[in-house]
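Some notes on the structure that comes next.
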Amino acid sequence: MSHPSQGIVGTLGNELEGKVILHCVTSSISCFLAPQISRKLMRYGAKVIPVLSTEAAKFIDPMIFEWATGEKPITVIEGQVEHVKYAGLSEDKVDLVLLAPITANSLSKIANGIMDTTVTLIAGTALGNKIPMIMVPTMHEVMMNNPAIIENITKLKEMKVTFISPRVEEEKAKIPEDEEIVEVCLRQLYNKSLKNKKILVTAGPTRAYIDGIRFISNPSSGKMGYSIALEAWRRSAEVKLVYGSSLLEHPLILENTVNVDTVKEMYDEVINLLETEQYDYVILAAAMNDFELENVLDKKVSSSESLELKLQPTKKLADRIKEISPNSKLILFKA
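Here my numbering is used: the sequence shown runs in plain steps of one and ends on residue 337.
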């Protein structure tokens, strides 16, 4: 009979179906958040095997990880020779090693080939076997600024280790939201059909101002454009997102973004990007105004008076894109 925790597998998607992830945890105070990261990965279909250092097991009971994942955590290397079984040249080799959280001590050991704990031994073996690896360092901010730590992180990046930047608050480098960590894992393991492709996506509504306060807009949430941009990013594309004044927050994992307000701002931003860079795909999912005022009023009109607005058509972004970037594949949406 399967473990009850297996019931959550695939409840958010099947992007990680068939993938096995070693989730290594070291003795950061952030380790109490690690079980929910494991479970979020499972919700996308992954099998997650927890690995705890001896010190981490003092911070959080390994039984919690067994409850969370349905897998018995690895806390010591025993007769199964777990570091070779899961990170060596074995048919049980995992697809990804995630170290979240990882301390300054552990990442420094791994960077310099020291393998004296369960986590560092498994990580060192995985590096030798070129298994993809993601590290999420957490520590006090002053420790992150230590030249030796900076050097060790640089060294690990040269070994193709992916780093997820911590969330710096109150002079501490804290673990990011679990959604961000999971998204980076998805990008690492997911379909790479858009690798080396540059994609420009627009999303959300624009505004045509009547005066300095009031405007004409539409109820577009931006969700379509956000979803397209996120899916392209997961598929390893280089994504640029230009989004309007949506009430819905854009995916935080997408760092290459520009927020605009008016239809003119969106038009100018997209054209400027296409005049300076070549994009393979341009996806116009934004709900841009078709009309704008000929003249924006310079003061608020009294609500006791009638008001007539004279509108003029806005410039068509798609037409201009065809002129200046004919080699880009243009994808349009119509409501």
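Think of the CB as a built atom: it goes at the ideal place given N, C-alpha and C, for glycine as much as any other residue.
Per-residue DSSP class, three states only, for residue i
| i | result |
| --- | --- |
| Arg45 | helix |
| Pro207 | strand |
| Ile31 | helix |
| Val163 | coil |
| Asn261 | strand |
| Tyr245 | strand |
| Met137 | strand |
| Pro52 | strand |
| His85 | helix |
| Gln314 | strand |
| Leu286 | strand |
| Phe335 | coil |
| Pro149 | helix |
| Lys194 | coil |
Short Cβ contact (7 Å threshold) for residue i with residue j
| i | j | result |
| --- | --- | --- |
| His25 | Val50 | yes |
| Val53 | Ile76 | yes |
| Thr105 | Ala58 | no |
| Ala128 | Val99 | yes |
| Pro103 | Ser32 | yes |
| Ile177 | Leu18 | no |
| Ile66 | Asp180 | no |
| Ile230 | Val186 | no |
| Asn154 | Ala113 | yes |
| Asn131 | Gly81 | no |
| Met255 | Glu172 | A quick correction: the sequence has Ile, not Met, at residue 255. Contact: no. |
Among the options, nearest to residue i - alpha-carbon criterion
| i | options | result |
| --- | --- | --- |
| Ser195 | Ser229, Val203, Trp235 | Trp235 |
| Ser55 | Val121, Glu279, Glu19, Asp300 | Val121 |
| Gly12 | Arg41, Pro37, Ser32, Val27 | Arg41 |
| Val78 | Trp69, Ile124, Glu279 | Ile124 |
| Lys266 | Leu295, Ser223, Glu233, Ile255 | Leu295 |
| Met117 | Gly126, Ser110, Leu109 | Gly126 |
| Pro192 | Ala48, Ala210, Ala70 | Note on residue identity: the sequence assigns Tyr, not Pro, to residue 192. Nearest C-alpha to Tyr192: Ala48. |
| Val22 | Pro37, Asp292, Pro134 | Pro134 |
| Leu309 | Leu299, Pro315, Lys317 | Leu299 |
| Leu158 | Ile255, Tyr211, Ser110, Arg189 | Ser110 |
| Ser223 | Lys174, Val184, Pro253, Pro6 | Pro253 |
Same chain, Cβ closer than 8 Å to residue i, five either side skipped, listed in chain order
| i | result |
| --- | --- |
| Met268 | Thr204, Thr208, Val244, Gly246, Val262, Ala288, Met290, Leu319 |
| Leu276 | Leu202, Val284, Ile323, Ile326, Ser327, Ser330 |
| Leu14 | Lys42, Arg45, Tyr46 |
Cβ neighbour criterion (16 or more within 10 Å) applied to residue i
| i | result |
| --- | --- |
| Ile152 | exposed |
| Leu249 | exposed |
| His142 | exposed |
| Glu251 | exposed |
| Val303 | exposed |
| Thr278 | exposed |
| Ser4 | exposed |
| Gly9 | exposed |
Close-in-space but distant-in-sequence residues of the same chain around residue i (CB under 6 Å, 5 per side omitted)
| i | result |
| --- | --- |
| Glu257 | none |
| Ala239 | Leu196, Lys199, Ile201 |
| Glu73 | Ile51 |
| Ser30 | Pro103, Thr105, Thr140 |
| Thr119 | Ser55 |
| Phe335 | Ala287 |
| Val260 | Val244, Glu271 |
| Tyr211 | Phe217, Val298 |
Min CB distance residue i to chain B below 7 Å
| i | result |
| --- | --- |
| Glu19 | The structure shown contains no chain B; it holds only a single protein chain. |
Same chain, Cβ closer than 7 Å to residue i, five either side skipped, listed in chain order
| i | result |
| --- | --- |
| Gly115 | Gly126 |
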